[in-house]
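> Residue 138 in the working numbering sits at position 88 of the sequence shown, with consecutive numbering throughout.
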Amino acid sequence: QVQLVESGGGLVQPGGSLTLSCAASGFSISNYAMSWYRRAPGKERELVAVISSAGGSTNYGDSMKGRFTISRDNAKNTVSLQMNSLKPEDTAVYFCKAERRPTGYWGQGTQVTVSS
51 QVQLVESGGG LVQPGGSLTL SCAASGFSIS NYAMSWYRRA PGKERELVAV
101 ISSAGGSTNY GDSMKGRFTI SRDNAKNTVS LQMNSLKPED TAVYFCKAER
151 RPTGYWGQGT QVTVSS
């Protein structure tokens, strides 16, 4: 059974850090581009970061550049998102996605709340 499970979300104060993890099972992520998306209340889903299958290329949403870092460990079948200097506007449900067109898999999401 193909599955992506996110973890690491929670409540953090502004300026704080969190690391999200996404564990894949039922398939190997090594041939998939992996990405993180988020959906904030009342807003559309937006791309947070994407990393190529071999990890040699990354891209970030404009508001995440310089603060977030995506990484992957194909041997462990996991992808991570290090988030620093968090802001209240980063509050959202964060989703992991594996994509190798036309196939795509989504996780269920993990809540990140940035508040004092």
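Every residue gets a Cβ at the ideal spot worked out from N, C-alpha and C, and that includes glycine.
Which one of Ser113, Ser78, Gly92 and Val52 has the shortest CA to CA distance from Gly140?
It is worth fixing the name first, because residue 140 is Asp in this sequence and not Gly. For Asp140, the nearest C-alpha among the options comes from Ser113.
> Buried or exposed for Trp86, please, with buried defined as at least 16 other CB atoms from any protein chain shown within 10 angstroms of its CB.
Label assigned to Trp86: buried.
> In terms of residue numbering, what span does the beta strand (DSSP E) encompassing Ser85 cover?
Residues Ala83 to Arg89.
> Less than 8 Å between the CB atoms is what I'm expecting for Val52 and Tyr155, so what's the real figure, rounded?
Their Cβ separation, rounded to whole angstroms, is 5 Å, which keeps Val52 and Tyr155 in contact under 8 Å.
> Assuming Ala74 and Arg150 are in contact, meaning their beta carbons sit under 8 Å apart, how far apart are those beta carbons, in whole angstroms?
The pair is not a contact, with the Cβ atoms about 12 Å apart (cut-off 8 Å).
> With distance defined between alpha-carbon atoms, name the residue in Thr153, Gln158, Thr160 and Val143 nearest to Lys93.
Nearest C-alpha to Lys93: Val143.
> Who are Ile101's beta bridge partners in DSSP?
DSSP output for Ile101 lists Met84 and Thr108 as bridge partner(s).
> So, with DSSP's three-state summary, where would you put Ser75?
In this structure, Ser75 counts as strand in the three-state DSSP scheme.
> Under 6 Å Cβ to Cβ from Asn127, same chain only, skipping five residues before and after it: list those, please.
Taken in chain order, the residues that qualify are Ala74 and Ile79.
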